[in-house]
Amino acid sequence: DFSYRSKLFERELQSFNADIVCLQEMHKDDLRRWLNPFLSQLGYGEGIFAERGGDKAKDGVVIFFKRDKFKLINQHRLGYFDSAQAQFPKEKTLATYNAALFCLLQIQNSKTSTSDKKEEQIWICTTHLNWNHSLPATQLFQIRTLFSELSRLNKETHDSPFVIVGDFNSKPDSIVHDYIKNGVLTDTADYYSKVREVYLPLFNDDPTKTTKYLTEPHTYKKALESAYNDNTFLMPFTTRIVNHFCGTIDYIYYQRDRIRPRQLLNALYNDGEQAKRDDFTLPNEQHP
């Protein structure tokens with residue numbers, strides 16, 4: 001029931017009062033008719049929206065920010081389907097309709113001198129990766145593409161700090177989390193041989209080129225940290241419970257040498273037994 005659930009969203013958004021809001025699976029009609037007008041009353045600018053793509057899809061990712069806190073300098077949509085078609089047109093499983101959105105924000109009312117304004121800019125990236133856990137090669141392609149695009153964009157802004165937020169559809173032991181946190185794939189991981197089978201034909205069965213592609217580190221190797229990690233929470237805590245799946249799939253990543261968290265929201269349930277209740281699911285009447 002959208003009318004009921006939307007009120008829960010409004011309550012949460014008001015209580016958090018965040019300077020920046022990143023959402024995924026946002027229907028563009030709901031954005032236009034409901035969320036843009038509502039958040040405008042709370043001091044946010046119009047949501048920056050990136051559709052995930054496809055003829056039938058009308059949802060995507062969106063970034064909101066407080067008008068008095070930030071100014072939009074640049075925005076960029078990354079469509080994973082188009083990227084896969086351009087790089088590996090023969091492998092259809094890589095071309096799925098998912099997207100990422102990059103927004104370069106300037107901090108308003110900063111005391112920084114005009115000449116140092118670039119020091120007060122930050123990239124905010126939100127993404128929604130493919131949901132199918134049986135396609136780790138697809139998820140790898142998408143997160144690799146995200147980092148390549150972020151690196152390209154950041155060269156134009158003299159290496160601004162960044163935060164990456166989203167629904168990664170990936171648990172802490174997944175190929176995505178491994179690649180983000182360590183900067184390179186672990187070739188002994190369970191997923192590695194399956195991924196290699198997909199990519200080997202794409203490099204004309206050349207094992208050297210395939211290995212080079214799979215073991216190439218991303219630009220920010222060892223520079224990223226998950227806001228919710230082993231030092232801040234007992235992982236994995238739950239961000240999604242539905243049917244027989246229970247686990248963490250949503251993350252906030254930041255550059256640990258450039259950004260320092262001051263405070264974190266508590267997990268819904270730190271008590272593992274509470275989260276295992278038969279009647280507990282997400283979303284629910286408290287958590288939309």
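Residue numbers for the sequence shown follow the numbering used here, so the first one is 1 and each next one is one higher. We treat Cβ as the ideally placed atom computed from N, Cα and C, and that holds for glycine. Values in this document were obtained by computation on a predicted structure and should not be read as measured data.
Beta-carbon separation (whole angstroms), residue i vs residue j, contact threshold 8 Å
{"i": "residue 147", "j": "residue 251", "result": "Their Cβ separation, rounded to whole angstroms, is 14 Å, which puts residue 147 and residue 251 out of contact at 8 Å."}
{"i": "residue 215", "j": "residue 176", "result": "Contact flag wrong, Cβ pair sits at about 16 Å."}
{"i": "residue 202", "j": "residue 88", "result": "5 Å"}
{"i": "residue 166", "j": "residue 24", "result": "6 Å"}
{"i": "residue 65", "j": "residue 94", "result": "Residue 65 to residue 94, Cβ: 32 Å. No contact."}
{"i": "residue 180", "j": "residue 253", "result": "6 Å"}
{"i": "residue 83", "j": "residue 145", "result": "5 Å"}
{"i": "residue 42", "j": "residue 14", "result": "7 Å"}
{"i": "residue 73", "j": "residue 104", "result": "4 Å"}
{"i": "residue 19", "j": "residue 71", "result": "Not quite, the Cβ-Cβ distance comes to about 13 Å (not below 8 Å), so this is no contact."}
Residue i, DSSP secondary structure in three states
{"i": "residue 273", "result": "Bear in mind that a pLDDT of 45 at residue 273, under 50, signals an unreliable position, so the number given afterwards is only what the model happens to contain. Looking at residue 273 - three-state DSSP - the assignment turns out to be helix."}
{"i": "residue 82", "result": "helix"}
{"i": "residue 250", "result": "strand"}
{"i": "residue 290", "result": "The chain is shown only over 1 to 288; residue 290 falls outside these bounds and no answer can be derived."}
{"i": "residue 66", "result": "strand"}
{"i": "residue 259", "result": "coil"}
{"i": "residue 71", "result": "strand"}
{"i": "residue 168", "result": "coil"}
{"i": "residue 51", "result": "strand"}
{"i": "residue 25", "result": "strand"}
{"i": "residue 326", "result": "Outside the shown range of the chain, which is 1 to 288, sits residue 326, and nothing can be said about it."}
{"i": "residue 88", "result": "coil"}
{"i": "residue 30", "result": "helix"}
Nonlocal neighbours in the same chain, by C-beta distance under 8 Å from residue i, ignoring five residues either side
{"i": "residue 99", "result": "50, 51, 52, 53, 60, 61, 77, 78, 79, 80, 127, 128"}
{"i": "residue 40", "result": "46"}
{"i": "residue 257", "result": "223"}
{"i": "residue 36", "result": "46, 47"}
{"i": "residue 28", "result": "49, 51, 58, 59, 60"}
{"i": "residue 182", "result": "221, 222"}
{"i": "residue 67", "result": "43, 44, 45"}
{"i": "residue 205", "result": "none"}
6 Å CB neighbourhood of residue i in its chain, flanking five on each side removed
{"i": "residue 211", "result": "none"}
{"i": "residue 198", "result": "137"}
{"i": "residue 273", "result": "In this predicted model, residue 273 has a pLDDT of only 45, less than 50, meaning its place in the structure is not dependable enough to derive any value."}
{"i": "residue 149", "result": "78"}
{"i": "residue 259", "result": "161"}
{"i": "residue 164", "result": "125, 253"}
First and last residue of the uninterrupted alpha helix (DSSP H) at residue i
{"i": "residue 39", "result": "36 to 41"}
{"i": "residue 137", "result": "136 to 155"}
{"i": "residue 198", "result": "192 to 199"}
{"i": "residue 360", "result": "In the structure displayed, the chain extends from 1 to 288; residue 360 sits before or after that span and is not available."}
{"i": "residue 176", "result": "175 to 182"}
First through last residue of the beta strand (DSSP E) which encompasses residue i
{"i": "residue 226", "result": "224 to 226"}
{"i": "residue 104", "result": "99 to 107"}
{"i": "residue 10", "result": "Segment 2 to 16 is the alpha helix (DSSP H) holding residue 10; no beta strand (DSSP E) there."}
Below-8 Å beta-carbon distance, residue i vs any chain B residue
{"i": "residue 86", "result": "Of the protein chains in the structure, only one exists, and it is not chain B."}
Cβ neighbours of residue i in the same chain (closer than 7 Å, five flanking residues each side left out)
{"i": "residue 97", "result": "52, 53, 54, 57, 81"}
{"i": "residue 178", "result": "185, 186, 189"}
{"i": "residue 135", "result": "93"}
{"i": "residue 6", "result": "34"}
{"i": "residue 11", "result": "none"}
{"i": "residue 191", "result": "136, 175"}
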